[in-house]
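Numbering (our numbering), first residue to last: 17 to 480.
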Amino acid sequence: MKDFIRDTEIEELLQKAKSPDRKQVQDIIEKSKELKGLTTEETAVLLQTDDPELLQSIFETARKIKQDIYGNRLVLFAPLYIANYCSNNCLYCGFRRDNKELNRVALTMEQIAEEVRAIEREGHKRLLMLCGEHPSRSSLDYFIEAIETAYATRTEEGGEIRRINVEIAPMSVPDFKRLKAADIGTYVLFQESYHHETYKTMHPSGPKADFAWRLTALHRAQEGGIDDVGIGALFGLYDYRYEVLGMLIHAQTLEADCGVGPHTISIPRLEPAFNAPAAISPPHPVSDDEFKKLVAILRMAVPYTGMILSTRESPEIRAEVFELGISQISAGSRTDPGGYTKDSSEGFRASQFNLGDTRTTDEVIYDITTRGHIPSFCTACYRLGRTGRDFMDLAKPGLIQHFCRSNAMMTFKEYLMDYASSRTREVGDRILDKLVEETEKPETKKILTERLGRIEKGERDLFI
Numbered sequence: 017m018k019d020f021i022r023d024t025e026i027e028e029l030l031q032k033a034k035s036p037d038r039k040q041v042q043d044i045i046e047k048s049k050e051l052k053g054l055t056t057e058e059t060a061v062l063l064q065t066d067d068p069e070l071l072q073s074i075f076e077t078a079r080k081i082k083q084d085i086y087g088n089r090l091v092l093f094a095p096l097y098i099a100n101y102c103s104n105n106c107l108y109c110g111f112r113r114d115n116k117e118l119n120r121v122a123l124t125m126e127q128i129a130e131e132v133r134a135i136e137r138e139g140h141k142r143l144l145m146l147c148g149e150h151p152s153r154s155s156l157d158y159f160i161e162a163i164e165t166a167y168a169t170r171t172e173e174g175g176e177i178r179r180i181n182v183e184i185a186p187m188s189v190p191d192f193k194r195l196k197a198a199d200i201g202t203y204v205l206f207q208e209s210y211h212h213e214t215y216k217t218m219h220p221s222g223p224k225a226d227f228a229w230r231l232t233a234l235h236r237a238q239e240g241g242i243d244d245v246g247i248g249a250l251f252g253l254y255d256y257r258y259e260v261l262g263m264l265i266h267a268q269t270l271e272a273d274c275g276v277g278p279h280t281i282s283i284p285r286l287e288p289a290f291n292a293p294a295a296i297s298p299p300h301p302v303s304d305d306e307f308k309k310l311v312a313i314l315r316m317a318v319p320y321t322g323m324i325l326s327t328r329e330s331p332e333i334r335a336e337v338f339e340l341g342i343s344q345i346s347a348g349s350r351t352d353p354g355g356y357t358k359d360s361s362e363g364f365r366a367s368q369f370n371l372g373d374t375r376t377t378d379e380v381i382y383d384i385t386t387r388g389h390i391p392s393f394c395t396a397c398y399r400l401g402r403t404g405r406d407f408m409d410l411a412k413p414g415l416i417q418h419f420c421r422s423n424a425m426m427t428f429k430e431y432l433m434d435y436a437s438s439r440t441r442e443v444g445d446r447i448l449d450k451l452v453e454e455t456e457k458p459e460t461k462k463i464l465t466e467r468l469g470r471i472e473k474g475e476r477d478l479f480i
């Protein structure tokens, strides 16, 4: 694979789309409602739109698309950092090699098990496992052993991890095959910036300095058998409009070459990180209004793709963008290895970045539930083979939520029974009763009522 990002082409798209005609913007908004996505040219027009009335129409359309495809579910997960040794020198990351004051940690398998138990006691069933890029401290052998350890770890109350998604450095096809054999879910890799000069500046040394090797990694992952992949950009490194188009080109290239576009898109903004100059002073800061705009436009441009929002953002901003297209969120996160089982007062000295949302998992769940969202811990698609093309065949026409709604309700019921605070249990039971009542198909309602009753009596891990 060769580098398929052309800086001049993206810049020309944005230049040509400046000061778009109102009718043109309205036509693109209408087209997006067909749930077939947008071209790069159409997306560039929306990105160059600043008219408040048109922006409001963009937000309303994004809300409708999100509802049509994903409903009001929010899938929850927790990140698990197992090591922060790194041979890269990324200017925005606390793990960077030249940060001599960072407390370097590589967790033992026993420590990883303790971290997993702490996460399980919060009710989580999904992990995103991460580590720095280091040949000895973060080897593939070490990472795979960590995956096996996490899957094997249980709490006294029956807590378990049912699916592990991973975010680690690019590798060869044979190594991707090894990773696939470890029973992972989605392989996630951020390009960070799709702008070549910015990428070069931000990655002055280390293996990550190779733009093309990183860009083409998801092609190699799919060649290695991993049919669920996730992309992302770190907003704040370069013009957010350019980065959105870069991600869209990446998504379209994956679909054209591999037959499957990205399962997820992540949209983190730069947050302060210990001894990371670009994170402390972002080169191209993205305002809250710009952030909401890019989330909405991405939902319109790539409607079938799950969108992930991390705890980098504050609770207030998270609440605002949930409805604009977000379908997966982290909760109760720690970004330092060992952060779930130790006092985190000094955690920033071992962290990748600072958190904007420091609430507990239960506090997050209470909040989103009171806002009308359904918390979901579902992992059924991975375990039933609804991945890759099979998942896309259901996601693109909006059929996936017929499975997801029921599975979200069942996993939420598990959470309410096993982990929820009394106030979360009260509001959660109320919303589940309402959702059962609103279920239109008699057969589905019957199944839901029966299975929720079985969970009430102690059964777990029921799904369709």
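Just so you know, even glycine gets a beta-carbon here, dropped at the ideal spot from N, CA and C. Owing to the predicted nature of the structure, the values given are computational and were not obtained by experimental measurement.
Could you tell me which of the options sits nearest to residue i, measuring between CA atoms?
i	options	result
Gly348	Thr327, Ile128, Tyr86	Thr327
Phe479	Arg178, Arg22, Arg38, Pro186	Arg178
Glu27	Lys450, Arg257, Ala129	Arg257
Ile265	Thr386, Asp43, Gln31, Leu54	Leu54
Thr442	Thr455, Asp378, Phe393	As written in the sequence, residue 442 is Glu, which differs from the Thr given in the question. Nearest of Thr455, Asp378, Phe393 to Glu442, Cα basis: Asp378.
Tyr203	Met125, Pro68, Phe75, Thr280	Thr280
Ser346	Asp199, Leu144, Ile180	Leu144
Ser73	Gln42, Ala94, Leu92, Thr460	Gln42
Arg113	Leu400, Cys274, Arg79, His150	His150
Leu156	Glu459, Pro299, Pro331, Ala197	Ala197
Are the Cβ atoms of residue i and residue j separated by less than 9 Å?
i	j	result
Pro36	Thr56	no
Gly222	Ser103	yes
Arg285	Phe251	yes
Ala312	Leu107	no
Glu329	Asp373	yes
Ala249	Ser303	no
Arg153	Ala99	yes
Cys397	Thr427	no
Val182	Arg142	no
Phe111	Thr269	no
Thr351	Tyr97	yes
Could you tell me the boundaries of the beta strand (DSSP E) in which residue i lies?
i	result
Gln344	344 to 346
Phe93	89 to 97
Gly322	322 to 325
Ile177	Ile177 -> no beta strand (DSSP E), and no H or E assigned at all.
Ser282	280 to 282
Val245	245 to 248
Arg142	142 to 146
Pro391	390 to 392
So, for residue i: in the same chain, excluding its five sequence neighbours on each side, which residues have a beta-carbon less than 7 Å away from its beta-carbon?
i	result
Phe159	Cys147, Ile184
Gly388	Asn88
Glu161	Met125
Taking residue i as part of the alpha helix (DSSP H), name the residues at either end of that continuous run.
i	result
Met187	Note, Met187: premise wrong, no alpha helix (DSSP H); not H, not E.
Ile74	68 to 86
Ile135	125 to 136
Thr24	23 to 32
His235	233 to 239
Ala166	156 to 168
Cys274	256 to 274
Can you round the beta-carbon distance between residue i and residue j to whole angstroms, since I take them to be within the 8 Å contact cut?
i	j	result
Tyr356	Ala134	4 Å
Ile390	Ala424	5 Å
Tyr320	Ile45	Wrong, their Cβ atoms sit about 18 Å apart, outside the cutoff.
Ala289	Phe369	4 Å
Lys52	Gly341	With a Cβ gap of about 16 Å, Lys52 and Gly341 do not count as contacting.
Gly139	Tyr431	5 Å
Thr440	Val452	Actually they do not touch by this definition, with Cβ atoms about 18 Å apart.
Leu63	Val260	6 Å
Gln31	Val61	The pair is not a contact, with the Cβ atoms about 12 Å apart (cut-off 8 Å).
Comparing the CB of residue i with every heavy atom of the ligand ZN, is any distance shorter than 8 Å?
i	result
Thr376	The ligand ZN is not part of the structure shown, which contains no ligands of any sort.
Can you find the residues in the same chain that come closer than 8 Å, C-beta to C-beta, to residue i, ignoring five residues on each side of it along the sequence?
i	result
Asp243	Val276, Thr403, Gly404, Arg405
Arg137	Thr171, Glu173, Gly175, Tyr435
For residue i, collect the residues of the same chain with a Cβ closer than 6 Å to its Cβ; drop the 5 residues on either side in sequence, then sort them by chain order.
i	result
Met17	Thr232, His235
Pro186	Trp229, Arg230, Ala233
Glu58	Ile44
Taking 9 Å as the CB-CB cut-off, is residue i touching chain B?
i	result
Gly469	The structure shown has no chain B; it contains just one protein chain.
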